[in-house]
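Numbering (the numbering used here), first residue to last: 7 to 167.
Accompanying notes for the structure given below.
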């Protein structure tokens, strides 16, 4: 019987959700790598945390530069805009358009180039109200897209585990 080795890439922002999914991947997979996307986010502390998490767990970590500041329109990437507080009712102002799409496609490309077969990401249902690209139907559609390229056989994200 030919059993395929599970090799996962974790899209690791360094925040709590992606740190949780990193540890789940470590428990569930034979080999784990992590990628972080430096998309021009103002809160670079998370990238530092991602690096530290990988060092602590002896995980190969790649930081991919992918500048989303050129689009503007989000206080997460635009220094001229004020970031709303976590308790504010206007969290939708923090949307970086198609950020999860770009992150997912970069993760799929990493999988294809490195012979990996699983992507772990950390979006949750709590994010649904403000972030359209956190919905399960969104990730199901992405799954179909990458399957057409023969890249990734399985997506795992927090709310499906």
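Beta carbons are placed, not taken as given, at the ideal position from N, Cα and C, and that holds for glycine.
Going by DSSP, what residue range makes up the alpha helix (DSSP H) through residue i?
i: residue 112; result: 105-120
i: residue 54; result: 51-63
From residue i to residue j, what does the alpha carbon distance come to, in whole angstroms?
i: residue 118; j: residue 82; result: 29 angstroms
i: residue 143; j: residue 150; result: 11 angstroms
i: residue 94; j: residue 55; result: With a pLDDT of 49 at residue 94, under the threshold of 50, the predicted position of this residue should be treated as unreliable, though the coordinate-derived value follows. Residue 94 and residue 55: Cα-Cα distance of roughly 25 angstroms.
i: residue 147; j: residue 33; result: 27 angstroms
i: residue 107; j: residue 140; result: 10 angstroms
i: residue 77; j: residue 88; result: 17 angstroms
i: residue 67; j: residue 86; result: 31 angstroms
i: residue 63; j: residue 57; result: 10 angstroms
i: residue 137; j: residue 72; result: 20 angstroms
i: residue 111; j: residue 59; result: 23 angstroms
i: residue 25; j: residue 40; result: 10 angstroms
i: residue 145; j: residue 129; result: 10 angstroms
i: residue 22; j: residue 49; result: 14 angstroms
i: residue 29; j: residue 61; result: 13 angstroms
i: residue 80; j: residue 109; result: 17 angstroms
Using C-beta distances below 8 angstroms, list every residue in its chain close to residue i, excluding the 5 sequence neighbours before and after it, in chain order.
i: residue 51; result: 20
i: residue 124; result: 12, 13, 14, 15, 31, 35, 117, 158, 159, 160, 161, 162
i: residue 155; result: 114, 118
i: residue 104; result: 139
Compute the beta-carbon to beta-carbon distance between residue i and residue j, rounded to the nearest angstrom, for a pair I have assumed lies under 8 angstroms.
i: residue 43; j: residue 70; result: 5 angstroms
i: residue 74; j: residue 38; result: Actually they do not touch by this definition, with Cβ atoms about 26 angstroms apart.
Which residues in the same chain as residue i place their Cβ atom closer than 7 angstroms to its Cβ, once the five residues preceding and following it in sequence are excluded?
i: residue 53; result: 20, 42, 44, 69
i: residue 121; result: 13
i: residue 152; result: 114, 158
i: residue 65; result: 38, 39, 40
Per DSSP, what kind of secondary structure is residue i in: helix, strand or coil?
i: residue 37; result: strand
i: residue 155; result: coil
i: residue 149; result: helix
i: residue 80; result: coil
May I ask which residues mark the beginning and end of the beta strand (DSSP E) holding residue i?
i: residue 71; result: 66-71
i: residue 13; result: 13-17
i: residue 126; result: 124-127
Comparing the CB of residue i with every heavy atom of the ligand COA, is any distance shorter than 6 angstroms?
i: residue 25; result: Looking for the ligand COA in the displayed structure turns up nothing, as the structure carries no ligands at all.
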